[in-house]
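In the order they appear, the protein sequences are chains A, B, C and D. Numbering follows the numbering used here, in which position 105 of the first sequence is assigned residue number 105; successive positions increment by one, without gaps. Whatever position you read off the second sequence (first residue = 1), add 390 for the numbering used here. Whatever position you read off the third sequence (first residue = 1), add 722 for the numbering used here. Whatever position you read off the fourth sequence (first residue = 1), add 1009 for the numbering used here. Reading through the C-alpha cells given below for one structure.
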Amino acid sequence: MTSNKTRIATLALAAIFSSGAFAADPIKIGMVLPMSGPFAAYGKQIEHGVRLYLATKGDTFGGRKVELIIKDDSPGTAGDVSKRLAQELVVKDKVDILAGFGLTPSAFAVAPVATEAKKPMVVMNAATSAITTKSNYLVRASMTLPQNTAPIASWAAKNGIKNVFTLVADFGPGQDAEAQFKKTFTAAGGKIVGEVRVPVANPDYGPFLQKIKDTKPDAVFLFLPPGAGTIAFMKGYTERGLAASGIKLIATGDLPDEEIIDAIGDAALGLITSFHYSEAHKSPENAAYVAAYAKAYPKDRPNFMSVGGYDGMHLIAEVLNKTGGDASAEKFIEAAKGMKWISPRGPVSIDPATRDIVQTIYIRKVEKVGGKLQNVEFDQVPDFKDPGKE
Amino acid sequence: MTANVAGPLREAARWKKAEFAFWLLPVAAYFVFPSDLALLSQIAITALFALSLDLILGYAGIVSLGHAAFFGTGAYAAGLLARAGYGDPLLGLAAAAGVAGALGFVTSLLVLRGADLTRLMVTLGVGLVLFEAANKLTAFTGGLDGLQGIEIKPLLGTFAFDMFGRTAYVYSVAVLFAVFWLARRIVHSPFGISLQGIRLNAARMPALGTPVNARLMAVYTLAAAIAGVAGGLLTQTTQFVSIDVLSFPRSAELLLILVLGGTGSLYGALIGAIVFMTAHHLLAGLNPQYWQFWLGLVLIFVVLFARDGLMGALRRLAARWASRFATRRRVA
Amino acid sequence: MLTVLFDGIAAGVLLFLISVGLSVTLGLMNFVNLAHGAFAMLGGYVCVGLLNRLGVPFLATLPIVMLVSAAVGVLLERTLYWRLYGATHLDQVLFSIGLVFVSISTAHFFFGAQQQPLQLPPMLSGQFHLPGGLDVGVYRLFLIVVGLGLAAALQWMVVGTKFGATLRAAVDNPRAARGLGLDVDRVFVATFALGSALAGLGGALGVEMLGLDPEFPVRYIVYFLIVVAVGGSGNIKGSLYASLILGICDVAGKYWLPQAGAFFIYGVMLATLVFRPQGLFGRVAAK
Amino acid sequence: MTAALEARGLVKRFGGFVATDGVSLSVAPGARHALIGPNGAGKTTLVNLLTGFLAPTAGSVWLGGADVTRSAQHRRVKRGLARTFQINRLFADMSVLESVTMAVCERQGSAAHWWKSIGAHAQAVDAAAELLARLHLLDVAHAKTKDLAYGKQRLIEIALALATEPTVLLLDEPAAGVPTGESRELFETLLQLPRSVTIVLIEHDMDLVFRFAERISVMVSGAVLTEGTPAEIAADARVREVYLGQASHGATAGRRAAASPAAPPPGAAADGSVGLHE
C-alpha cells in the first residue's frame, strides 16, 4: 500500500521533473532548403518568411524557445543530399521538427526519415500532391499544384474560353499541371486544341508560339519553371502579337510571382492566373506582413514561398502553444489537424484527413499598381481542397 | 635471377605500411564520428565512383565528361529492381554493375573513336541523352520528382539499414574496399601495365602487338560497371533515386575530385573524395552561396601549379622527410 | 510555313552568334575554352548594366561590350590561359570549368540570382507581316543581318588577310612559325581577344532570347559545343552552316514534332561526332 | 623459297602527293637488307605501309608468303613483323624492365592477365631480363626511361622491338642522333642478332650501311631506283647521281628530321616521346 503510494509519488515526481526538464530546453527546428544553385531564391524566400514570423511574433511558444538550424540541400533536386542532411539533423543536431523543403524530390526523400525518426515534418513549399501521403507525420503549409491549377481551368470554362492550347515544361510538375488542367477543363465542357511539352532548358520559344498562333485557340494555358523560359515566352508572346490577336494567356500564379515579375516587365500585363497568394491581397494581415517584410528585406518582394515559410512557422508555433511545448510526432500532428487561422494569403486550415492545406484560391490579373507590377485579385474559390487526392 | 631482377617490379605490387594505416581510418571514423555516418558513407560512395573514373582516365588515359551516365544507370537499376520487390542489397549491386557495364560496353564503341576532344564531347553527349531520357520516362524513373518507394531488405538478411547509417556505412566501406582491392590487383597486372602503356604512348602499342581498342573497351566496360555499383550503393543507402544522379554537374564534379586527389594513383581518387566532400560540407555550411567560387579557384590552381594533385604533394612531402631522416642518420 | 523557315534561320544565326567565339578559340587556337559561356555572360551583364543603369542605347552598348570582353580576355590570356597552350585538352577543360565556377559565383555576388530585365528599343521589337503569311520579327531580322555580316567579315579575315595567314601558320606549327620569325604570342593574344569579343557580343545579343542569370555559362555550354562539334571547329563557314542546319531542324522539329524535345539536337551532335569526328564541314586533320 | 617480307606494287597517295609510287620489294629470310635514299624519298612511309601503320592506296604486303595487306598492325606483329621508330616512341614514365616485360607479356599472351602482378610473371620477367642483358641494359633495368641518355634510349627502342621475337625486323634509322662512338657499339649488337631474324635497315650513315647490309635498295621520290649488292650499288652511276651534293648529308640529317613530315605534330610532347628526342 504505502509502497504503492511511494511508487505513485515517485512516478509523479519523475513526470514533473521530466516535463519540467523538456519545458526548459529550447525546441530545435531543422530546415532543409536550397540556399545555393539554381533554386537559391526558394531557400532565401522561405527563410525570410520563417525569420519574419519569429521577429514579429516572438520566438518562444508553449514555453520553449525556438532554435533554427538551416542546411543547404542544393541543387535541391538531389534527394540523396536532402535525405543525408535530414538524417544529420535528427541524429547529430537532435532536432525536434523537420521543416522547409523547396522542391518535391527533397520532400519525397526525407519523408521516410520523418516516419522512422518519429519527427513531425512541415513542408513549406514542395507542391506535388502525393507528398503528404508519404508519411503520417507530415503536414503541408504551402499549396499543391492541382489546387492552384483546377480553379483557373474552371474559371476559363465559365468565362467563355472554349478552346485552350496547353504548353508546359517537360518535367514532373509540368506534366501534373497539364493533367489537372485537362481534367478540370474538359470536365467543364472545354476543349484542348493542342498541347506541347517543352524542354526545361529551352533557348527559343519561337516555334511553339508560332504553332499557337496558327492554331488560334481562345487561350493558352502555361506552366514553366520561373526563370529564363518564362521571360522568353512572355516576350515572344507580345512580340508575335498573340496578345494583340486576342489569345488570352492563363497560368498558375507561380509564373508571374513577385520574385520575377519585374524581370518579365510589361509583357506580363494582362496575364490571368490562379494562386493562393499575391502581394496585392487586400487584408489587414497582408498589409502588416508586406510592411514588415519590406522593412526587414528591402531588396526583395514577398512572394508565395515567403508566405509558405511564414505560415509553416505559424503552424509550428500554434501547435506548440496547444501541446504546451510537446513536439512528439503523434501529439504534434493531432494538434495540427483541423487547425484554422487567418494567414496573409487569407483564411487557411489543415485538412484533418490529408494533413494538407485548405485555402482560398484567387483569380488574378497582372496590372500596374502604383508603377509596380502586381497580381490583382478579382475572383476567388473559397476553402479549396487539393483535388489531386480525389 | 628473376628473384633479384623482378624484385622492384614485385615491390610495386606489395602492400605498404602506409596503406594499412590508411585503411584503418574508415574503421576509426566509425567510432570517432558516430553521428556523421550518413556523410561518411556518401564519401565512401563518391570515392568508389572516383576510383572507376581513375581506371579509365588515370590509367588508360580516356577522358570523360559524362561518367555520371553509368553512376545514374546503376542507381536506377538498383532502385527499379528493389521497387519490383527484389530488395536484396547484393543482388541489387550485381544488377547495377551488369546494366551499367552493358551500357559501358555499347558506348565504348562510340567513345574509342577520335581523340580527346571528340571523346570529351561524345561522353558529354551520351550523358545528356540519358538525362533527357530519364526526365521523359517519368513512368519508370519518376522524372524530376525522383524514384521513391524503394524497399531495401536487410543486408545478408540480418542487418537492416538504420537511420543512423551504421549498416549503410559499414556496407559502403566494405564494398569500396573490395573493389579497391580488385582495382589494385588490376593496375599492377600485365593488363593494367598495358593500359598505362596505351596512355603513355598509344602509337607504339600496336607495334608491340597490343590490340589497343580491345584493351580500352575492356577497361571502359569495367569502369562503367564499378560506377554502376557506386550508383547502386547510393540508391540502397538513401533508398531514393533523384534524376540528379545523371546530371552533367555530377560528372564535372567527379573529374574535379579526381584531379584534386591526383590521377593515376588509386589513392588519389580516395583522398580526393574525402577532402572534396569534407570541404564542401564545411564550406557549404559557412557560406552556401559562394563556396563554388573557392572551388573554382582551387581547381584553377591545381591545374596550373599542382597537376599531380594531393597524392603528388604527399609523395613530395614523404620524399623530403625520407631525405631529412637519412641526413640525420648520417650526422649521427 | 515560311515563318517557320524564317524563325529557323534566326535561331540558327543566334546559335552561330553565341558559339562563333568558341569556334575561333578552339578551332584556330586549339584551346578548349569551356569558359566561353562566362565571356558571353560578361557581355550580357555589361550590355544590361549600361542599358538599365546608365541608359546607354542598346545598339551603342554593343561595341562597348566587345571592347570590355576583349580587354578581359587579353588580361586572362596574358595571366592564365597562355600557360595552357601546350597542355592537354583535359587540362584546358578542367581549367576553364574552374573559371566557370568562379564567374558564376562572381555574377551571383554582384547581380544576384534573378533574371536580368532587358527592354529593347521599339525600333528593334515587334513584328511586321509580309504577303504570303510571312511574319518577320524585327529583332530576329536584326540578328540575321548582324550574324551574316559577322560571318562574312570573319571568313574574309581568316582566309583573305595576312593576319589570317599568319594565324593559320602559327597554329599549324608554332615551332616553324617562330622559325619564320612570326610573333606567335602576339597572334595568339589578338585571336583570343577576338574570340572573347565575339563571345561577349553573342551574349549581349542573346539576352533578349536566352535570358541572363549567373547560371548562363553552364546552361548553354551544350549548345556551344554542339555547334562546334557539328560545324567542325575552326572554320567560320562550317559553324555558320551547322548553326543554320541545327536552327532550322530544331525549330521545324519543335513545330511539327514537339515530343522529340531536346533529343533531336543531341542526336545530331552524337551522330556527327561518331561518323565525322572532324565535323560535317571540318577539314580532315592531317594527323 | 618464299620471301620473308614482300611488297607488291605499293602505292600511297596523300591527296595529290604520291609518297610511295608502286614499290615492289622482296626480302629473303635471314637477309640483312638496307633501304637508302635521300630525305623525302619515302623510306619511312614505306615502313609504315609494310607494318600497317598506314593503309596503302594500292598494292599488297606479304609476310612469309601470306597476304597481310588488310590485317591490322598488331596482327602483323603477332605474325613476326616488328619495327623501330626513327624518332623514339618509348614509355617515358616506365622503368626499362617494366616496359620491356610489358612487351614480352604481349608476345607470351599473358598481357591480358589481370590477377597476378606483372612482377610475378616469372617467365616474362626472365625473358625481358635476358634481352636487356644481351643489349647491355641490365644495369639500367630499373631506371626510368626518361632519365636515360639518348643512346641508351635508342637501344630500348630496339629492345622493345626484339621483345616481340620478330622474324622480320624493320629498323628505321636506329642510329639517328646517336653520337658516332655509341652508334658503332649499337651496330655491334645488331650484327650479333641471329640469322633467324630478317633485318631491313634504313640508315643515312653510308659506312654503317656498307658494313651491315648484304643487299641494298635505293629509293628516290617514292620509287625503288635500283637494288643490288653493296658493291653493285657503290658502282652504280645513278646512285652517285642521286647522292651528288648530298655528301654532307649525314651531318644535316638531324636538322632535317626536325622539319621533315615524320616529325611529330605540336602538342605530341604530352606522350613524352618528343621530350625524349630533344
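All C-beta atoms in this analysis are idealised placements derived from N, C-alpha and C, irrespective of residue type, glycine included.
Checklist entry - Which whole-angstrom value is the C-beta distance of A/Asp356 and A/Thr128, which I expect to be below 8 Å? => result Between A/Asp356 and A/Thr128, the beta carbon gap of about 11 Å keeps them out of contact (Cβ cut-off 8 Å).
Item to check | Contacting residues, own chain, Cβ-Cβ under 7 Å from C/Val778 (five flanking each side not counted) | outcome: Taken in chain order, the residues that qualify are Leu772.
Checklist entry - Where are the alpha helix (DSSP H) runs, 4 residues long or more, that stay fully inside the stretch 1127-1208 of chain D, in chain order? => result Those alpha helix (DSSP H) runs which fall completely within the stretch 1127-1208 of chain D and span 4+ residues are 1131-1143, 1159-1172 and 1189-1200.
Next on the checklist: Going by DSSP, what residue range makes up the alpha helix (DSSP H) through B/Leu427?
Outcome noted: Counted as a single uninterrupted DSSP element, the alpha helix (DSSP H) harbouring B/Leu427 occupies residues Leu427 to Asp444.
Checklist entry - Between A/Gln87 and chain B, is there a C-beta pair that is closer than 8 Å? => result Interface criterion met: the Cβ of A/Gln87 is under 8 Å from a Cβ in chain B.
Next on the checklist: Contact criterion: CB-CB distance below 8 Å. Does A/Ile231 meet it with respect to chain C?
Outcome noted: A/Ile231 has a beta carbon lying within less than 8 Å of a beta carbon in chain C.
Checklist entry - Buried or exposed: where does A/Asp214 fall if 16 or more other Cβ atoms within 10 Å of its Cβ makes it buried? => result Residue burial is scored here from C-beta neighbours: A/Asp214 has fewer than 16 other C-beta atoms within 10 angstroms and is therefore classed as exposed.
Checklist entry - In chain B, which residues lie less than 7 Å from A/Pro112 when you measure between Cβ atoms? => result The answer, in chain order, is Gln629.
Item to check | DSSP three-state assignment for C/Arg775, whether helix, strand or coil | outcome: Correct three-state label for C/Arg775: helix.
Next on the checklist: At the level of alpha carbons, what is the spacing between C/Tyr945 and C/Ala757?
Outcome noted: The alpha-carbon atoms of C/Tyr945 and C/Ala757 are separated by roughly 13 Å.
Checklist entry - Which residues in chain A sit within 7 Å of B/Gly533, going by Cβ to Cβ distance? => result Within 7 Å Cβ-Cβ: Phe171 and Gly172.
Checklist entry - So which residues of chain B does D/Arg1098 contact, with C-beta pairs closer than 9 Å? => result What D/Arg1098 touches in chain B: Asn591, Ala593, Arg594 and Ala597.
Next on the checklist: For D/Ala1136 and D/Ala1012, what's the separation of their Cα atoms in angstroms?
Outcome noted: When rounded, the distance between both Cα atoms is 28 Å.
Next on the checklist: Counting only beta-carbon separations shorter than 8 Å, does A/Glu258 have a partner in chain C?
Outcome noted: Judged by the 8 Å Cβ criterion, A/Glu258 is not in contact with chain C.
Next on the checklist: Which complete beta strand (DSSP E) runs does the stretch 510-567 of chain B hold, if anything under 3 residues is left out?
Outcome noted: Scanning the stretch 510-567 of chain B from its first residue to its last, no whole beta strand (DSSP E) run of 3-plus residues comes out.
Next on the checklist: Any C-beta of chain A within less than 9 Å: which residues of the stretch 548-561 of chain B qualify?
Outcome noted: Those would be Asp552, Met553, Phe554 and Gly555, in chain order.
Item to check | Chain-ordered neighbours of C/Leu807 on chain B, where CB pairs are closer than 8 Å | outcome: The sequence given here places Tyr at residue 807 of chain C; Leu does not occur at that position. Those within 8 Å of C/Tyr807 in chain B number zero; the least Cβ separation is about 13 Å.
Checklist entry - Where does A/Asn375 sit, in a helix, a strand or coil, going by DSSP? => result Strand, per DSSP.
Next on the checklist: Quick check on A/Lys211 - is its C-beta less than 8 Å from some C-beta in chain C?
Outcome noted: So, interface residue.
Checklist entry - Of the residues that make up the stretch 322-349 of chain A, which ones have a beta carbon closer than 8 Å to any beta carbon in chain B? => result Listed by position along the chain: nothing, the set is empty.
Next on the checklist: Quick check on C/Gly730: buried or exposed, where buried means 16 or more other Cβ atoms within 10 Å of its Cβ?
Outcome noted: Counting other Cβ atoms within 10 Å of its Cβ, C/Gly730 reaches 16 or more and is therefore classed as buried.
Checklist entry - From A/Pro151, A/Leu85 and A/Ile333, pick the residue whose C-alpha is nearest to that of A/Pro382; which is it? => result Of A/Pro151, A/Leu85 and A/Ile333, the residue nearest in Cα terms is A/Pro151.
Checklist entry - Thinking C-beta only, is C/Ser791 closer than 8 Å to C/Gly922? => result Taking 8 Å as the Cβ cut-off, C/Gly922 and C/Ser791 qualify as a contacting pair.
Next on the checklist: Whether or not the stretch 566-586 of chain B and the stretch 1112-1125 of chain D are in contact is what I'm after, with contact meaning three or more pairs of Cβ atoms, one per stretch, closer than 8 Å; do they touch?
Outcome noted: In short, these stretches touch, since the Cβ pair count reaches three.
Item to check | Segment limits, beta strand (DSSP E) that includes D/Met1228 | outcome: For D/Met1228, the enclosing beta strand (DSSP E) begins and ends at Arg1224 to Val1229.
Checklist entry - Counting only runs that start and end within the stretch 160-227 of chain A, where is the beta strand (DSSP E) found for 3 or more residues in a row? => result Runs of the beta strand (DSSP E) inside the stretch 160-227 of chain A: 163-169, 191-198 and 219-223.
Item to check | Closest Cα partner of B/Gly532 within the set B/Gln626, B/Gly652 and B/Ile633 | outcome: Nearest of B/Gln626, B/Gly652 and B/Ile633 to B/Gly532, Cα basis: B/Ile633.
Checklist entry - DSSP puts C/Pro844 in a beta bridge; with which residues? => result Note: C/Pro844 sits in no beta bridge, so no partner.
Next on the checklist: Output needed for A/Gly100: all residues of its chain with C-beta closer than 7 Å, excluding positions within five of it in sequence on either side, in chain order.
Outcome noted: The residues are Met31, Val32, Leu33, Ile46 and Met124.
Checklist entry - Tell me the DSSP bridge mates of D/Ala1043? => result Bridge partners of D/Ala1043 according to DSSP: D/Leu1210 and D/Ile1225.
Checklist entry - Of the residues that make up the stretch 398-409 of chain B, which ones have a beta carbon closer than 9 Å to any beta carbon in chain D? => result Those would be Pro398, Leu399, Arg400, Glu401, Ala402, Ala403 and Arg404, in chain order.
Checklist entry - For A/Asp72, does the count of other Cβ atoms within 10 angstroms reach 16, so buried, or fall short, so exposed? => result By the 10 Å Cβ count, A/Asp72 comes out buried.
Checklist entry - Does the beta carbon of A/Ala188 come closer than 8 Å to any beta carbon on chain B? => result No, no contact with chain B.
Next on the checklist: Quick check on A/Ala268: buried or exposed, where buried means 16 or more other Cβ atoms within 10 Å of its Cβ?
Outcome noted: Under this definition A/Ala268 is a buried residue.
Checklist entry - Given 8 Å as the limit, is there contact between the stretch 318-338 of chain A and the stretch 360-374 of chain A, that is, 3 or more CB pairs closer than that? => result Output reads no: the stretch 360-374 of chain A does not touch the stretch 318-338 of chain A.
Checklist entry - What is the residue span of the alpha helix (DSSP H) that A/Lys330 lies within? => result Sequence inspection shows Glu at residue 330 of chain A; the Lys mentioned does not correspond to that position. From DSSP, the alpha helix (DSSP H) with A/Glu330 extends over Ala329 to Ala336.
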